[in-house]
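K.L.:
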Amino acid sequence: DTGVSQDPRHKITKRGQNVTFRCDPISEHNRLYWYRQTLGQGPEFLTYFQNEAQLEKSRLLSDRFSAERPKGSFSTLEIQRTEQGDSAMYLCASSSRDTQYFGPGTRLLVL
Amino acid sequence: DAKTTQPPSMDCAEGRAANLPCNHSTISGNEYVYWYRQIHSQGPQYIIHGLKNNETNEMASLIITEDRKSSTLILPHATLRDTAVYYCIVRVAGETSGSRLTFGEGTQLTVNP
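If you read the protein sequences in the order shown, they are chains A and B. With this note's numbering as the guide, the letters of the first sequence map in order to residues 6 to 116. With this note's numbering as the guide, the letters of the second sequence map in order to residues 572 to 684.
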């Protein structure tokens, strides 16, 4: 399968713990995006990379959130000191130009 | 990016055409219309996009009105697996375009046997 992959698919953590998610984009896609989706809502944009450069961040991305794409290939999204409000589906997408292709998402539950 | 308006829900009989409308009355000349769908608990799936001409691919057809203020996504022979939330998104495209997709609440399409 050459689509966008995300790991893990599910994560349960206790409030206050740190979590890290990984996204592997479609090969040769230079653009990578993170979105968050809560129940009953459409996905909301978090951040965007072109190659290894983080070009845009949403106001949703508080200082507890950090994303990296060190070699311009895979990306990680870390949430520090998780809160119950962080419970959501975290989606990654990639593109070579305009059309974004999404991964299956990582579902996070903070207890 | 321009705002879109979609009905919250629609029903369709299996085997019949599903026609999903979208209003985007403030669309600009350089904005494309994109359609994605999201089956329960999965990531959004790209369906089709267009600028002003009608488009067709193996999944669906996109009909854009001449004034570009509205469009219709057509699934010609809906199956139970087409049950999903369908999102209509308007955005600028190209090398210097903005990055994000702005999702609304979409239309929940239910295909009934």
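Beta carbons: idealized from backbone N, C-alpha and C, even for Gly. Note that the structure is predicted; figures quoted are calculated from it, not measured.
#1: In chain order, what residues of the same chain lie with their CB nearer than 6 Å to the CB of B/HIS593, ignoring the 5 residues before and after it?
#2: What did DSSP end up calling A/GLY77 once you bin it into helix, strand or coil?
#3: DSSP state of B/ASP638, grouped into three classes?
#4: Measuring straight from C-alpha to C-alpha, what distance separates B/SER580 and A/GLN22?
#5: Measuring alpha carbon to alpha carbon, tell me which residue in A/GLN46, A/PRO13, A/VAL9, A/VAL24 is nearest A/GLN89.
#6: Measure the alpha-carbon distance for B/ARG587 versus B/ALA655 and round it to whole angstroms.
#7: Please name the residue in B/ILE598, B/LEU680, B/TYR617 whose C-alpha comes closest to that of A/THR104.
#8: CB B/HIS620 to CB B/VAL661, shorter than 7 Å?
#9: Determine the chain B residues that contact A/GLY110 at a beta-carbon separation under 7 Å, and present them in chain order.
#10: Among B/PRO647, B/SER612, B/GLU637, which has the Cα closest to the Cα of B/ASN590?
#11: With a CB to CB cut of under 6 Å and the five nearest residues on each side skipped, what residues in its chain are close to A/PHE70?
#12: With A/VAL9 as the anchor, note down where its beta strand (DSSP E) starts and where it stops.
#13: With 9 Å as the limit, tell me which residues of the stretch 618–630 of chain B have their beta carbon closer than that to any beta carbon of chain A; keep them in chain order.
#14: DSSP three-state label for A/ARG64, please.
#15: Does the pairing of the stretch 107–114 of chain A with the stretch 51–60 of chain A give three or more beta-carbon distances under 8 Å?
#16: For the beta strand (DSSP E) that B/ILE660 lies in, which residues bound it at each end?
#17: Once DSSP output is grouped into helix, strand and coil, what is the label at A/LEU37?
P.N.:
For this structure:
#1: Position 22 of the second sequence, counted from the start, is the residue given in the question as residue 593 of chain B. According to the sequence as given, residue 593 of chain B is Cys; it is not His. Result list for B/CYS593: THR575, GLN577, SER642, CYS659, in chain order.
#2: Translated into the one-based positions of the first sequence, residue 77 of chain A becomes position 72. It is coil, neither helix nor strand.
#3: Along the second sequence, one-based indexing puts residue 638 of chain B at 67. B/ASP638 falls in the coil class under three-state DSSP.
#4: As a first step, residue 580 of chain B is located in the second sequence; it is residue number 9 there, counting from the start. As a first step, residue 22 of chain A is located in the first sequence; it is residue number 17 there, counting from the start. When rounded, the distance between both Cα atoms is 38 Å.
#5: To locate residue 89 of chain A, count along the first sequence from 1; it is residue 84. Nearest of A/GLN46, A/PRO13, A/VAL9, A/VAL24 to A/GLN89, Cα basis: A/VAL24.
#6: For the purposes of this step, residue 587 of chain B is identified with residue 16 of the second sequence, where counting begins at 1. For the purposes of this step, residue 655 of chain B is identified with residue 84 of the second sequence, where counting begins at 1. Approximately 16 Å, taken between the alpha carbons.
#7: Walking along the first sequence from the start, residue 104 of chain A turns up at place 99. Per the Cα distances, B/TYR617.
#8: The residue given as residue 620 of chain B occupies position 49 in the second sequence. The residue given as residue 661 of chain B occupies position 90 in the second sequence. For B/HIS620 and B/VAL661, no; Cβs fall outside 7 Å.
#9: Numbered from 1 along the first sequence, position 105 holds the residue referred to as residue 110 of chain A. GLY614, listed in chain order.
#10: Reading the second sequence from its first residue, position 19 is the one you call residue 590 of chain B. Checking every option, the nearest Cα to that of B/ASN590 belongs to B/PRO647.
#11: Position 65 of the first sequence, counted from the start, is the residue given in the question as residue 70 of chain A. Only ILE84 meet the Cβ criterion.
#12: Looking up residue 9 of chain A in the first sequence gives position 4. A/VAL9 -> no beta strand (DSSP E), and no H or E assigned at all.
#13: HIS620
#14: Your numbering for residue 64 of chain A matches position 59 in the first sequence. A/ARG64: coil per DSSP, three-state reduction.
#15: no
#16: Residue mapping note: residue 660 of chain B aligns to position 89 of the second sequence, counting from 1. Counting along the chain, the beta strand (DSSP E) containing B/ILE660 begins and ends at 655–663.
#17: Stepping through the first sequence from its first residue, residue 37 of chain A is reached at position 32. Strand at A/LEU37.
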